[in-house]
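Since the structure comes first, as structure tokens, the remarks are kept for the end.
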Amino acid sequence: MQTPLANKEFDHTNTINALADTFENIRLACLETGVYQICINRPKVLNALNLQCLEELNACLDLIERNSDVRVLLVTGAGEKAFVAGADIAYMKQLSAQEAEDFSAYGNQTFSRFSQLKVPVIALVKGYALGGGCELALSCDFILASDKACFAQPEVNLAILPGFGGSQRLTRRLGLSLALELVMTGRNIKSDEALKLGLVNHVYPADSLNEAGLELAKGLTHKSPYALAAIKQLMHQGENIPLDQALKLESQSFALTFAGNDREVAMQAFLDKSQASFRSLQKTS
Ligand code: CAA
Numbered sequence: 052m053q054t055p056l057a058n059k060e061f062d063h064t065n066t067i068n069a070l071a072d073t074f075e076n077i078r079l080a081c082l083e084t085g086v087y088q089i090c091i092n093r094p095k096v097l098n099a100l101n102l103q104c105l106e107e108l109n110a111c112l113d114l115i116e117r118n119s120d121v122r123v124l125l126v127t128g129a130g131e132k133a134f135v136a137g138a139d140i141a142y143m144k145q146l147s148a149q150e151a152e153d154f155s156a157y158g159n160q161t162f163s164r165f166s167q168l169k170v171p172v173i174a175l176v177k178g179y180a181l182g183g184g185c186e187l188a189l190s191c192d193f194i195l196a197s198d199k200a201c202f203a204q205p206e207v208n209l210a211i212l213p214g215f216g217g218s219q220r221l222t223r224r225l226g227l228s229l230a231l232e233l234v235m236t237g238r239n240i241k242s243d244e245a246l247k248l249g250l251v252n253h254v255y256p257a258d259s260l261n262e263a264g265l266e267l268a269k270g271l272t273h274k275s276p277y278a279l280a281a282i283k284q285l286m287h288q289g290e291n292i293p294l295d296q297a298l299k300l301e302s303q304s305f306a307l308t309f310a311g312n313d314r315e316v317a318m319q320a321f322l323d324k325s326q327a328s329f330r331s332l333q334k335t336s
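Residue 52 is where the sequence shown starts when you use the numbering used here, and the numbers rise one by one after that.
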């Protein structure tokens, strides 16, 4: 889908903050050195995702990709009630079948960028993560949820199906039978069940979710960005190929970490009983 924002050329000399100020539906903030947060910011409609929101998310990801200071990315929604309550139903109501395909493809392309980023991406889910919201969380590397979170793929109740990856990512995460049940019934899954099913990594009391997310993120900023990027790429690629090929890929990636400087630093620090510190990855052009 051609959109003005998606085609916008960013001036690299501007700061990330100045550019982030131009977004209406997304807040981008640096919380701590190396830790950035994208917040979907449409609280009046429980952060529902319309086209402009996806465009801004794409523009935001452009900024993240070009900023080598980013070591970990958190993704959350504004307010206490919802992470994201899905794609914007008022926007979708007027779409033709062709426009719906374009919207789905654009959403899928946008969400796939989270797994393509070189840095770890952590979803912090307070409240509702429904439809496109559940799909947004599923496209992040880890999901931390509050004890008040609620997940569902309720598209069937609108006589449609998940359009931002839920039918596929849920199956990969939970297996076909359970994913089919959740997509066909559209039923709500509370945090305790989500944890049992393996849909989320951890659950925290609502008032300590942000702190827990920040702690996890800060810990990751001390790891080698080179190793993290290699782990992320290898594990995402390996998930969808036969095991023998995935193991070959693992050996190649293992070798790549030996070719980098970070492992030298880390192994020497172990032998010296000291703390290693690592530089950011080079900026991408
Ligand atoms: N799209 C547009 N607006 C939405 C929305 C959505 N997905 N979810 C909530 N809103 C709006 C409501 O219309 C309401 O607006 P008004 O104040 O102007 O009436 C406002 O947000 C607050 O919502 P409610 O009054 O409904 O709040 P509630 O506490 O009674 O219910 C809820 C909360 C259970 C989340 C309910 O809003 C709801 O069921 N929302 C829709 C959830 C849904 O079906 N999501 C899937 C969308 S389809 C999809 O995502 C497809 C895809 O994969 C791409």
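We treat Cβ as the ideally placed atom computed from N, Cα and C, and that holds for glycine.
- About 5 Å separates the CB atoms of Ala196 and Ser242; that is less than 8 Å, so the two are in contact.
- Your pair Glu206 and Lys177 does not check out as a contact, with CB atoms roughly 22 Å apart and the cut at 8 Å.
- Among the bridge pairs identified by DSSP, Thr127 is matched with Cys90.
- Taking all protein chains in view, the Cβ of Thr161 is crowded by 16 or more other Cβ atoms within 10 Å, so the residue is classified as buried.
- Between the C-alpha atoms of Arg238 and Ala245 there is a straight-line separation of about 12 Å.
- With respect to the 9 Å criterion, Ala278 and Gly311 are classified as neighbours on the basis of their beta carbons.
- Under the three-state reduction of DSSP, Ala306 is assigned to helix.
- Cα atoms of Val316 and His273: separation of roughly 13 Å, rounded to the nearest angstrom.
- Only buried fits Asp139, as 16 or more other CB atoms lie within 10 angstroms of its CB.
- The nearest non-hydrogen atom of ligand 1 is 8 Å or more from the C-beta of Asp198.
- The Cβ-Cβ distance between Arg122 and Val170 falls below 9 Å.
- Residue pairing of Ala196 in beta bridges, as defined by DSSP: Val176 and Val254.
- Residue environment: Gly183 is assigned as buried (16 or more neighbouring CB atoms within 10 Å of its CB, all protein chains considered).
- According to the DSSP assignment, Arg122 belongs to no beta strand (DSSP E), since it is labelled neither H nor E.
- Where Arg78 is concerned, there is no enclosing alpha helix (DSSP H), although the beta strand (DSSP E) around it starts and stops at Ile77 to Glu83.
- Taken through DSSP and simplified to helix, strand or coil, Cys201 comes out as strand.
- Nearest C-alpha to Cys81 among Leu114, Glu186, Val96 and Leu100: Leu114.
- Runs of alpha helix (DSSP H) with 4 or more residues, each lying fully within the segment 267–314, are found at 276–289 and 294–310, listed in chain order.
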